[in-house]
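Q: Going down the list, the sequences are from chains A and B. Going letter by letter, the first sequence gives residues 18 to 264 in the working numbering. Going letter by letter, the second sequence gives residues 18 to 264 in the working numbering. The C-beta atom is built at its ideal place from N, Cα and C for all residues, glycine as well.
Number of protein chains: 2
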Amino acid sequence: MHDKMNHELNPRISADCVIFGFDLNKLNVLLIERETVVGLDTYKALPGDLIFEDEPLDTAANRVLNELTGLEDIFLEQVGAFGDPDRLSKPQDRAWLKAVRQDPDARVVTIGYYSLVGMNNYVPQPASFARAATWIPIEEIGELAFDHRQILDGALKKLKEKLNVQPIGFNLLPEKFTLSQLHRLYEAILGVELDKRNFRRKMLKMDILESLEERQEGVPHKPSQFYKFNEQKYHDLLKTGFDNFAF
Amino acid sequence: MHDKMNHELNPRISADCVIFGFDLNKLNVLLIERETVVGLDTYKALPGDLIFEDEPLDTAANRVLNELTGLEDIFLEQVGAFGDPDRLSKPQDRAWLKAVRQDPDARVVTIGYYSLVGMNNYVPQPASFARAATWIPIEEIGELAFDHRQILDGALKKLKEKLNVQPIGFNLLPEKFTLSQLHRLYEAILGVELDKRNFRRKMLKMDILESLEERQEGVPHKPSQFYKFNEQKYHDLLKTGFDNFAF
DNA sequence: GACCTTTGTGTCAAAAATACACTTTGCGAA
DNA sequence: TTCGCAAAGTGTATTTTTGACACAAAGGTC
């Protein structure tokens, strides 16, 4: 727009999103595959981009996420600001920035966000506007672009904390789910084993689950009871405050 | 420096610090008194300012804090980013910005930080480099400049959460303190009453306090036992993880 | 020495956490 | 058809933690 000199004077601000999904087995994160400029191999990054001049941060995060993945209007929670002056200075990051940014040398402070979505509700459309967003199991994620690994770790930490303050994670499951699935979800997020009986007892005592008549079908073992999440009771409890929630 | 046009193109970044102090009775926050431009009355703000071009965020927060209050090299924890496009648009805020900023119209995204200090360790120097930093009891704080009230509320919330995950707050007390003082501190932060006997039982069971031989002197009632905080044991516990900490 | 103020202490009942093993159900393979 | 496999589902006994509660002790002041 104006001369480049001035673009280097002031920092830019971006938003990066850590989207957690659960495939009833493992915890996944939605990542963007980017081609390295040299074209050797791809490398992975969180969906994120610069914010607009007059855009609230949360709005920007949602817009950027939508542009890159197609996900719409999700509740995003802030992880924090990441602003190390050389967070963009790894060689392949520099190369990518030079290829796509008007002012690749500008400092960028990014605001990290995270959210949970059900993996069933969202299947990345590989070749469309969702450029190359893919679910990657969290244990298989190694290094990421920029300081995205750090943002991811921060988001996971917040997610764990949150899970111990209020029961969340229903977003990550289909509408009807089994207690075992919920159990696996908790174990996946917290990264520990939880006793089956104790988990069930505690979860049911909260009284935010409704058991359905329906049961699993076609499984080669005893079919599991389906439950659904009772939003009404959940919100009532949110007001009075949860009391026994930590696992 | 350059023409004003360009200054308006990109956002600025600032750091604002919420410093909690405890006077053995009430929880206080360190605020800057500013004269309104019209000179009618003062109004209060968190210590904060723009960050430098190549400065890490945490470093900037500490520098700014030091410049405005004299406090040095404190561990600051991030509250989050606050970036509403019209967070600077209250009339008196605009007036102040016009008086002191080169580009008063630039958007500013701020990163909030918080910390705890012992009020004994730090007495604001009214007329010196610490321009007009003063401790204000937290219940007496009303509206603040910009969105600082919101930042303060966010910081307090984080502080409460943190207090329920690990025993902190020893920074807020003198080196030797009594259990009653610690008790009052917890009540001040959490904003609730805690049973004296249960509080003591639980706190002592954590085994991070050492009772000293020394007792209070000159008080018109039964003198209280002094304790000190055992950092060694605390750090050992930090690794293994606290287990019973919430009040 | 009477009074005031704050410290410091113990118990009991209720609730919650933890550890732990076997039966049930339905499918698929022999 | 039956045998085996895999996951679901269920109960109890023990220990730990919480929460409620009241009175004696110490030291200064008047």
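(1) Run through chain A and tell me which residues come within less than 7 Å of Gln-242(B), C-beta to C-beta.
(2) So, using beta-carbon positions, are Ile-128(A) and Ala-32(A) closer together than 7 Å?
(3) Sort Gly-87(B), Phe-99(B), Leu-199(B) by Cα distance to Val-126(B) and report the nearest one.
(4) Which residues in the same chain have their Cβ closer than 6 Å to the Cβ of Leu-226(B), if we skip the five residues on either side of it in sequence?
(5) For the alpha helix (DSSP H) that Ile-206(A) lies in, which residues bound it at each end?
(6) What residues from chain B crowd round Tyr-101(A), counting only those whose CB sits closer than 8 Å?
(7) Rounded to the nearest angstrom, what separates Ala-144(B) and Arg-217(B) at their Cα positions?
(8) Taking 7 Å as the threshold (beta carbon to beta carbon), is Pro-28(B) in contact with chain A?
(9) Please report the Cβ distance between Met-220(B) and Leu-196(B), rounded to the nearest whole angstrom; I am assuming they are in contact, meaning their Cβ atoms lie under 8 Å.
(10) Suppose only complete runs of 4+ residues qualify. What are the alpha helix (DSSP H) ranges in the stretch 55-108 of chain A, listed by chain order?
(11) Of all the CB atoms in chain A, is at least one closer than 7 Å to the CB of Ala-98(B)?
(12) With DSSP collapsed to three states, give me the class of Asp-224(B).
(13) How far does the beta strand (DSSP E) with Arg-10(A) in it reach, from first residue to last?
(14) Name, please, each residue of chain A whose Cβ falls closer than 9 Å to the Cβ of Gln-95(B).
(15) Flag Glu-52(B) as yes when its Cβ comes closer than 6 Å to any non-hydrogen atom of the ligand MN, and as no otherwise.
(16) With a threshold of 7 Å between beta-carbons, can Tyr-251(B) be considered close to chain A, or not?
(17) Compute the beta-carbon to beta-carbon distance between Pro-150(A) and Pro-64(A), rounded to the nearest angstrom, for a pair I have assumed lies under 8 Å.
(18) Is the stretch 127-141 of chain A touching the stretch 93-107 of chain A in the sense that three or more CB pairs, one from each, lie closer than 8 Å?
(19) For a contact defined as C-beta to C-beta under 9 Å, what are the partners of Ile-168(B) on chain A?
(20) DSSP three-state call for Gln-14(B): helix, strand or coil?
(21) Could you tell me which chain B residues have their CB closer than 7 Å to the CB of Ile-128(A), listed as they occur along the chain?
(22) Could you tell me which residues DSSP puts in a beta bridge with Gly-135(A)?
(23) Kindly indicate the opening and closing residues of the alpha helix (DSSP H) around Glu-178(A).
(24) Any C-beta of chain A sitting closer than 7 Å to the C-beta of Lys-21(B)?
(25) Kindly confirm or deny that the stretch 174-186 of chain B and the stretch 62-80 of chain B touch, where touching means at least three C-beta pairs closer than 8 Å.
A: Quick look at the numbers:
(1) Residues of chain A passing the Cβ test: none, with the nearest at roughly 32 Å.
(2) Yes, the Cβ-Cβ distance between Ile-128(A) and Ala-32(A) is below 7 Å.
(3) Phe-99(B)
(4) Tyr-244
(5) 196-207
(6) Going by the sequence as given, residue 101(A) is Asp instead of Tyr. In chain order: Pro-73, Leu-74.
(7) Any reading at Ala-144(B) is ruled out, since the residue's pLDDT is 47, under 50, leaving its predicted position unreliable.
(8) Interface residue, yes.
(9) 7 Å
(10) 74-86
(11) yes
(12) coil
(13) Any answer about residue 10(A) is impossible in this case: the structure gives chain A only from 18 up to 264.
(14) Here the neighbours are Gly-97, Ala-98.
(15) For the ligand MN, the structure offers nothing, since it holds no ligand at all.
(16) no
(17) Contrary to the premise, residue 150(A) reads as Ala rather than Pro in this sequence. Sure, about 7 Å apart at Cβ, within 8 Å.
(18) yes
(19) Those do not exist, as Ile-168(B) stays about 13 Å from chain A at its closest Cβ, beyond 9 Å.
(20) The shown model of chain B, from 18 to 264, leaves out residue 14(B), and the question about it has no answer.
(21) Within 7 Å Cβ-Cβ: Ala-98.
(22) Gly-135(A) is bridged to Phe-39(A).
(23) 165-180
(24) Here the model assigns Lys-21(B) a pLDDT of 41, short of 50, so the residue's position is not dependable, and the following value carries that caveat. So no, Lys-21(B) is outside the interface.
(25) no
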